[in-house]
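Chains as they are written, first to last, in this note's numbering: chain V, 11 to 289; chain A, 11 to 289. First up is the structure itself, then whatever we jot down about it.
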DNA sequence: AACGATTTGTTCGTATGTATC
DNA sequence: TGATACATACGAACAAATCGT
């Protein structure tokens, strides 16, 4: 056919996977078997083909065992906003909102690791602080059913601590919720927030914590900046999830209640695949 | 050190890139030069190291030219929701909202490619249609400044057409906006929507349209389901963007106006990198 | 616990093709 | 046209992980 050999092999395997001939969880032929199947191509050529499937997230390789079609777990729906039902006017721990909605699963968080840092350029712009200003960062690792789920870091202006919100620098959970605590202590009420959502490749720390394979799985990152009534930013929270088992849900305006309780249980990409077919 | 040679080489190169010693756009040493730099490792070993950097999105290779540190373009902020300023109670083309906000850039869309399909399981669940029901799909490709930007497909129940919204099956832009047209024709008013955001590896069509490299760049997908006052879904829109040059912005509640107009111009991952450092 | 068989992972050498300048 | 640089392909050997005996 056309194109390099490793690509032809990869395409053929992809066809068999997507047709269901190689169902999720099943083992691919070994590299030696694939060699024979494809005109005695070199083992390295077969491995190039497999590598391209790994990068696309279609298969995983396990040393000593074989190569397997990925079994996607049920994606977890993280509710990021709900106008109608919850009516979250101001108070509660916005950063924990999604976690609290863990349907039928039990979330747990490590104690926060608290640091006082010179603000980065990025966070400084969000919190509208001068370069060189100090911020409190509170970092947590969250798990669901014991499995790593998200990494989260919240940044507050150090001035909040000086003005009396001293619990911010304690490495303990702030019980009524950090936003509520800051609101009560400093008389600041959260009236809105802005989420910036992006996807990127994981860094080393994230790969290790989430136990991600060498490649193929991106992470979703949300940077949430919360504002008080005067329009001043109160805090900035950066949360990172592995993209293969999470989706972020934003409800805007009136959304039927039964939909709000729905758990997403489909395969990602299905919609666009069908829509994009046939240039 | 520890670990395989190609990993050591990759780590060393990554260090030089992130320290600024190899700034964005600069050329890496050639494979032969890298061979000499790293204890006369095999050229294949050097290539393995570079490949891992490509997969992480740190460098790109160009045949005949060399390997270069990636230059990220300014990420485009796609506004997905604004409660306060725009006050989008119901009408306007929700799916085009983000595009209309193209700051200082000129968006253009292809004419819609219209198809009548049997509904997929995924879309059927969103639109609450029975299996086997028919839907109208309207597919568009959007560009900004002539460069590919997003792929978008909207699905409507075929019953809408039978009830009089005949423009839905015409391969032309619906001028007042499709949602408005449906609303006026069928007396349905959009009162809310639900966005599901995920990230995944691009499929073939997407890779081709967005001209994505073989690996390293994920796509962001948003599936937006719009609801009318009775709680019935009106339409479902799936939009896909390349993740390396877009971020989705959700404004909830009161967000200061000057923030709404801000263009994001930072590097992704900066926030979490600093926060995650030091386990 | 030890061993062998199987399977993927790493590393090397070499040759040739293709893109770019 | 030639030189340079990455892309593809092959063969070979040994390492490391896994599993069953």
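Ideal placement from N, C-alpha and C gives every residue a C-beta, glycine not left out.
| request: Taking only the alpha-carbon atoms, compute the straight-line gap between residue 18 (chain A) and residue 66 (chain A) and give it to the nearest angstrom. | output: One C-alpha to the other measures close to 15 Å.
| request: Would you verify that the beta carbon of residue 45 (chain V) is, or is not, closer than 8 Å to some beta carbon of chain A? | output: It does not; no Cβ of chain A falls within 8 Å.
| field | Straight-line Cα distance separating residue 195 (chain A) from residue 170 (chain A) | value | Each residue's alpha carbon lies about 9 Å from the other.
| Looking only at C-alpha atoms, which of A:181, A:161 and A:33 sits nearest to residue 218 (chain A)? | Comparing Cα-Cα distances from residue 218 (chain A) to each of A:181, A:161 and A:33, the minimum goes to A:161.
| task | Evaluate contact between the segment 225–238 of chain V and the segment 206–213 of chain V, counting only Cβ atoms and requiring at least three cross-stretch pairs below 8 Å. | result | Because the criterion of three Cβ pairs below 8 Å is met, the segment 225–238 of chain V and the segment 206–213 of chain V touch.
| query | Between the C-alpha atoms of residue 121 (chain V) and residue 165 (chain V), what's the straight-line distance to the nearest angstrom? | reply | Roughly 16 Å separates the two Cα atoms.
| message | Let's test the definition: count the other Cβ atoms within 10 Å of the Cβ of residue 20 (chain V) and tell me whether it reaches 16, buried, or not, exposed. | response | When all chains shown are included, residue 20 (chain V) counts as buried.
| message | Can you tell me whether residue 312 (chain A) is helix, strand or coil according to DSSP? | response | In the structure displayed, chain A extends from 11 to 289; residue 312 (chain A) sits before or after that span and is not available.
| task | Locate the beta strand (DSSP E) running through residue 87 (chain A), then write down its first and last residues. | result | Boundaries of the beta strand (DSSP E) around residue 87 (chain A): 86–92.
| request: Could you work out which residues of chain A lie near residue 265 (chain V), taking near to mean beta carbons separated by less than 9 Å? | output: 201, 202, 203, 204, 235, 237 and 241, listed in chain order.
| message | Quick check: is the beta carbon of residue 260 (chain V) nearer than 8 Å to any beta carbon in chain A? | response | Closer than 8 Å to some Cβ of chain A, the Cβ of residue 260 (chain V) qualifies, so yes.
| request: With a 10 Å radius around its C-beta and 16 neighbouring C-beta atoms as the bar for buried, classify residue 85 (chain V) as buried or exposed. | output: Answer is buried; the Cβ neighbour count reaches 16.
| field | residue 150 (chain A) versus A:125, A:64 and A:31, residue with shortest Cα-Cα distance | value | The residue from A:125, A:64 and A:31 with its alpha-carbon nearest to that of residue 150 (chain A) is A:125.
| field | Secondary structure of residue 213 (chain V), DSSP reduced to three states | value | In the three-state reduction of the DSSP assignment, residue 213 (chain V) falls in the coil class, being assigned neither a helical nor a strand state.
| said: Strictly below 8 Å CB to CB, what residues from chain V border residue 67 (chain A)? | reply: Neighbours of residue 67 (chain A) in chain V, taken as residues whose beta carbon is under 8 Å from its own, are 210 and 211 in chain order.
| query | Hey, quick one: how far does the beta strand (DSSP E) through residue 128 (chain A) stretch, first residue to last? | reply | According to the DSSP assignment, residue 128 (chain A) belongs to the beta strand (DSSP E) that extends over 123–128.
| Nonlocal neighbours in the same chain, by C-beta distance under 6 Å from residue 97 (chain A), ignoring five residues either side | Residue placement at residue 97 (chain A) is flagged as unreliable, the pLDDT there being 42, under the threshold of 50; the coordinate-derived value follows with that caveat. The answer is none, since no qualifying residue turns up.
| What separation, rounded to the nearest whole angstrom, lies between the Cα atoms of residue 148 (chain A) and residue 233 (chain A)? | For residue 148 (chain A) and residue 233 (chain A), the gap between their C-alpha atoms comes out near 14 Å.
| Where does residue 134 (chain A) land, buried or exposed, given buried means 16+ other C-beta within 10 angstroms? | Around the beta carbon of residue 134 (chain A), a 10 Å sphere encloses 16 or more other beta carbons of the protein chains shown; the residue is thus reported as buried.
| query | Who are the near neighbours of residue 239 (chain A) in its chain, counting only those whose CB is closer than 6 Å to its CB and skipping five residues on each side? | reply | 199 and 201, listed in sequence order.
| query | Is residue 38 (chain V) helix, strand or coil by DSSP? | reply | Three-state result, residue 38 (chain V): coil.
| message | Helix, strand or coil, according to DSSP, for residue 52 (chain V) in the structure here? | response | The three-state reading of DSSP puts residue 52 (chain V) in coil, since its state is none of H, G, I, E or B.
| Anticipated Cβ contact below 8 Å, residue 77 (chain V) with residue 37 (chain V), distance rounded | Their Cβ separation, rounded to whole angstroms, is 7 Å, which keeps residue 77 (chain V) and residue 37 (chain V) in contact under 8 Å.
| task | Work out the CA separation of residue 116 (chain V) and residue 156 (chain V) for me, nearest whole Å. | result | Straight through space, the alpha carbons of residue 116 (chain V) and residue 156 (chain V) are spaced by roughly 8 Å.
| query | In three-state terms, what does DSSP make of residue 199 (chain A)? | reply | Note: residue 199 (chain A) maps to coil in three-state DSSP.
| Which of helix, strand or coil DSSP assigns to residue 157 (chain A) | Residue 157 (chain A): strand per DSSP, three-state reduction.
| said: Strictly below 8 Å CB to CB, what residues from chain V border residue 137 (chain A)? | reply: The premise fails here: residue 137 (chain A) is roughly 11 Å from chain V at the closest Cβ pair, so nothing lies under 8 Å.
| Does residue 230 (chain A) have its Cβ less than 8 Å from a Cβ in chain V? | Answer yes: the Cβ-Cβ gap between residue 230 (chain A) and chain V drops below 8 Å somewhere.
| task | List the residues of chain V whose Cβ lies closer than 7 Å to the Cβ of residue 91 (chain A), in chain order. | result | Neighbours of residue 91 (chain A) across chain V, judged by C-beta separation under 7 Å: 260 and 262.
| query | Can you give the Cα-Cα distance for residue 193 (chain V) and residue 246 (chain V), rounded to whole angstroms? | reply | Approximately 15 Å between the Cα atoms of the pair.
| task | Taking C-beta pairs closer than 7 Å, name the residues in chain A that residue 269 (chain V) reaches, listed in chain order. | result | Against chain A, a Cβ distance below 7 Å from residue 269 (chain V) picks out 204.
| So residue 244 (chain V) is in the beta strand (DSSP E); what residue range does that whole segment cover? | That run of the beta strand (DSSP E) goes 243–252.
| Hey, residue 349 (chain A) and residue 35 (chain A): beta-carbon distance below 8 Å or not? | Because chain A spans 11 through 289 in this model, residue 349 (chain A) falls outside it and cannot be assessed.
| Bounding residues of the alpha helix (DSSP H) (the contiguous stretch that carries residue 231 (chain V)) | Here residue 231 (chain V) belongs to no alpha helix (DSSP H); instead the beta strand (DSSP E) covers 229–238.
| message | Using a Cβ-Cβ distance cut-off of 8 Å, determine whether residue 225 (chain V) contacts chain A. | response | Yes, residue 225 (chain V) counts as interfacial toward chain A.
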